[in-house]
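A.B. asks: Under full-length UniProt numbering, the residues of the sequence shown are numbered 1 to 458, in order.
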Amino acid sequence: MIETIHIYHTNDIHSHFENWPRIRDFLLHQKKINEENGEEVFLFDIGDHVDRWHPLTESTVGKQNIQLLNEVGYTAVTIGNNEGITLPYNDLDTLYTEAEFDVILANLYNQQNERPSWTIPYQIYQTEKGIKVGITGVTANFKKLYSILGWDLKDPIEEIQRQVERLKKESDIIILLSHLGIHDDEKIAKLYPEIDIILGGHTHHILENGRLITNALGTTLLGAAGKHGKFVGHVQLKIDVEKKEIKNKKAQLYKIENLPAPINETIEIEKFYEDGRKLLFQEVVTIPEPLSVEWFQDSILPHILCEAIQEWCSADCAMINAGLLLDHLEKGIVTKYEIHKILPHPINPCMIKLSGAELKSVLQQSFDPKWPPLELKGLGFRGTILGNFVYNNISIRKNDLLINGMKLEEDKMYTLGTVDMYTFGHFFPEFNSAEKQYFMPEFIRDVMEWKLKKLYSN
Numbered sequence: 001m002i003e004t005i006h007i008y009h010t011n012d013i014h015s016h017f018e019n020w021p022r023i024r025d026f027l028l029h030q031k032k033i034n035e036e037n038g039e040e041v042f043l044f045d046i047g048d049h050v051d052r053w054h055p056l057t058e059s060t061v062g063k064q065n066i067q068l069l070n071e072v073g074y075t076a077v078t079i080g081n082n083e084g085i086t087l088p089y090n091d092l093d094t095l096y097t098e099a100e101f102d103v104i105l106a107n108l109y110n111q112q113n114e115r116p117s118w119t120i121p122y123q124i125y126q127t128e129k130g131i132k133v134g135i136t137g138v139t140a141n142f143k144k145l146y147s148i149l150g151w152d153l154k155d156p157i158e159e160i161q162r163q164v165e166r167l168k169k170e171s172d173i174i175i176l177l178s179h180l181g182i183h184d185d186e187k188i189a190k191l192y193p194e195i196d197i198i199l200g201g202h203t204h205h206i207l208e209n210g211r212l213i214t215n216a217l218g219t220t221l222l223g224a225a226g227k228h229g230k231f232v233g234h235v236q237l238k239i240d241v242e243k244k245e246i247k248n249k250k251a252q253l254y255k256i257e258n259l260p261a262p263i264n265e266t267i268e269i270e271k272f273y274e275d276g277r278k279l280l281f282q283e284v285v286t287i288p289e290p291l292s293v294e295w296f297q298d299s300i301l302p303h304i305l306c307e308a309i310q311e312w313c314s315a316d317c318a319m320i321n322a323g324l325l326l327d328h329l330e331k332g333i334v335t336k337y338e339i340h341k342i343l344p345h346p347i348n349p350c351m352i353k354l355s356g357a358e359l360k361s362v363l364q365q366s367f368d369p370k371w372p373p374l375e376l377k378g379l380g381f382r383g384t385i386l387g388n389f390v391y392n393n394i395s396i397r398k399n400d401l402l403i404n405g406m407k408l409e410e411d412k413m414y415t416l417g418t419v420d421m422y423t424f425g426h427f428f429p430e431f432n433s434a435e436k437q438y439f440m441p442e443f444i445r446d447v448m449e450w451k452l453k454k455l456y457s458n
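1. Just grab the DSSP bridge partners of D152 for me.
2. Tell me whether N388 sits in a helix, a strand or coil according to DSSP, three-state version.
3. Within its chain, find whatever has a CB closer than 8 Å to the CB of residue 485; leave out the 5 residues flanking it on each side and keep chain order.
4. Hey, is the stretch 378-395 in contact with the stretch 450-457, meaning 3+ C-beta pairs nearer than 8 Å?
5. Taking DSSP as the reference, what is the three-state secondary structure of V334?
6. CB-CB under 6 Å to D48, same chain, minus the five flanking residues each way: which ones, in chain order?
7. Would you give the residue range spanned by the beta strand (DSSP E) that R211 belongs to?
8. Any idea what DSSP makes of L325, helix, strand or coil?
9. Below 9 Å between beta carbons: does that hold for L105 and V50?
10. Bridge partners for H234 per DSSP, in chain order?
11. What do you get for H179, buried or exposed, if any count of 16 or more other CB atoms within 10 angstroms of its CB means buried?
12. Kindly confirm or deny that the stretch 151-166 and the stretch 191-200 touch, where touching means at least three C-beta pairs closer than 8 Å.
13. Please classify N264: is it buried, with 16 or more other beta-carbons within 10 angstroms of its beta-carbon, or exposed?
14. Given that a residue counts as buried once 16 or more other Cβ atoms are within 10 Å of its Cβ, and exposed if not, what is Q67?
15. Would P260 and E268 qualify as a contact pair, given that the criterion is a beta-carbon distance under 9 Å?
16. Distance check for G134 and Q297, CA to CA, integer angstroms please.
17. Taking D400 as part of the beta strand (DSSP E), name the residues at either end of that continuous run.
18. Once the 5 residues before and after W53 are set aside, which same chain residues still bring their CB inside 6 Å of it?
19. Here's the rule I'm using: 16 or more other beta-carbon atoms within 10 Å means buried, otherwise exposed. How should K227 be labelled?
20. Just curious, the beta strand (DSSP E) that F44 is in, first and last residue?
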């Protein structure tokens, strides 16, 4: 007897709710059709469904994302770094309180070395014909950042090994929900050939027909659906029920733009945004004049943010890029919505300890005209253009660099306030080995709000 199992998967949606109505309707339709045919259906999300750039996610601290997953009837999810390190401890700890699905996550612990109550390291689902489908999940290893927030993130590969040892004894099929990225997934397929399917994310890779990795026990099938809800993945398995083994496995992607639009799709998408905007419509401060933003020339708001970051970090000086500010602020009442709109990035303040010689090198590199027009994607940046670098307590006099009005000394140690994204990408080599302090969970928009209150509150 052959049993057909359908597995639908999403990953890295990043709160791009403009695609959600089609994803929802497609999954509900496919689930109904498959179940009417007597076939088993599983729905999995591989993390980074939550992204605080969207007002609805920001205003509900991700809770509305969970309701959307509930409405579709997901079987299980794992978390990505956007759930894991852009939410304060208590907000992540309560994110899944209303979840009607399993959160399968093997490598997250609290600092008492206990798994959070809302996670399970594995789950075994049994089909109607008795096939046991074992699932485990892991998330990307940002151990230091999780630690700052109060969590203890274990090595994902070691946790996979533990769970596979268990699952190969207790299940007929093993599936890994992996928010690690394509390169790790390929290695895992070789290391643990007992895993039949790896559903991936994190690196936003698109595997139109999956990817088969040959290993010691045959092949492992990788599946992944890109980013932002542009695709939904589908894996179909044919199982020999008597032998309890996979006879055939194949993967495909459905392109969301090719799917039929639900009735009132535009209205629904606009409502997602408007509901979030209304919830963020909380007065922060009243400003007496507009605060301008220019990416390629001097303007006031980037300087306010730069000064704020220096003060927040208690650093000697500060440097940011003007492109972090996506718009200006109008005269009058400023709400949380306006601040979120101009600074939607999940980016944290950071302080870096550098010698004078290293700081001088970084600053000289930052003067390079190649930087301002550079288009930037990823690293938490939700803008488009880097823009000019902006400085606080850094100046030039007669070709000398001055820090807080004093000539820079190359053998002296300095602290530079900046943003964490410079430490994740290939910006300044000097940052790679430097001592760094990340300020979490506050985002730079929280620092801006703090600074505006400081400047303009009575």
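Glycine included, every Cβ here is placed at the ideal spot set by N, Cα and C.
C.D. replies: Based on what the coordinates show:
1. As a first step, residue 152 is located in the sequence shown; it is residue number 152 there, counting from the start. BP columns for D152 point to Y109.
2. If you number the sequence shown from 1, residue 388 lands on position 388. Here N388 sits in coil by DSSP.
3. The question about residue 485 has no answer here: the residues shown for the chain are numbered 1 through 458.
4. With a cut-off of 8 Å, the stretch 450-457 and the stretch 378-395 do not count as touching, because too few Cβ pairs lie within range.
5. As a working mapping, residue 334 is identified with position 334 in the sequence shown. Reduced to three states, the DSSP call for V334 is strand.
6. For the purposes of this step, residue 48 is taken as residue 48 along the sequence shown, with counting starting at 1. For D48, where only same-chain residues beyond five positions count, the Cβ hits under 6 Å are D12, H14, G80 and N82.
7. Position 211 of the sequence shown, counted from the start, is the residue given in the question as residue 211. Counting along the chain, R211 sits inside the beta strand (DSSP E) bounded by residues R211 to N215.
8. Reading the sequence shown from its first residue, position 325 is the one you call residue 325. In this structure, L325 counts as coil in the three-state DSSP scheme.
9. The count along the sequence shown starts at 1 and reaches residue 105 at position 105. The count along the sequence shown starts at 1 and reaches residue 50 at position 50. No; because the gap between Cβ atoms is not below 9 Å, this pair is not in contact.
10. Translated into positions along the sequence shown, residue 234 becomes position 234. Y8 and Q252, per the DSSP bridge assignment.
11. Within the sequence shown, the letter at position 179 stands for residue 179. Buried, because 16 or more other Cβ atoms sit within 10 Å of the Cβ of H179.
12. yes
13. Within the sequence shown, numbered from 1, the residue matching residue 264 stands at position 264. By the 10 Å Cβ count, N264 comes out exposed.
14. Within the sequence shown, the letter at position 67 stands for residue 67. Classification for Q67: exposed.
15. Counting from 1 along the sequence shown, the entry for residue 260 is found at position 260. Counting from 1 along the sequence shown, the entry for residue 268 is found at position 268. It is not a contact, given that the beta carbons lie outside the stated cut-off.
16. Residue 297 sits at position 297 when you count from the first residue of the sequence shown. Residue 134 sits at position 134 when you count from the first residue of the sequence shown. Using only the alpha carbons, I get a separation of about 57 Å.
17. Stepping through the sequence shown from its first residue, residue 400 is reached at position 400. First-last of the beta strand (DSSP E) with D400: D400 to I403.
18. Within the sequence shown, the letter at position 53 stands for residue 53. Once the five neighbours on either side are set aside, the close Cβ partners of W53 are P344 and R382.
19. On the sequence shown, position 227 is the one that residue 227 refers to. K227 comes out buried.
20. What you label residue 44 is simply residue 44 of the sequence shown in a count that begins at 1. It spans E40 to D45 - the beta strand (DSSP E) in which F44 sits, taken as one unbroken run.
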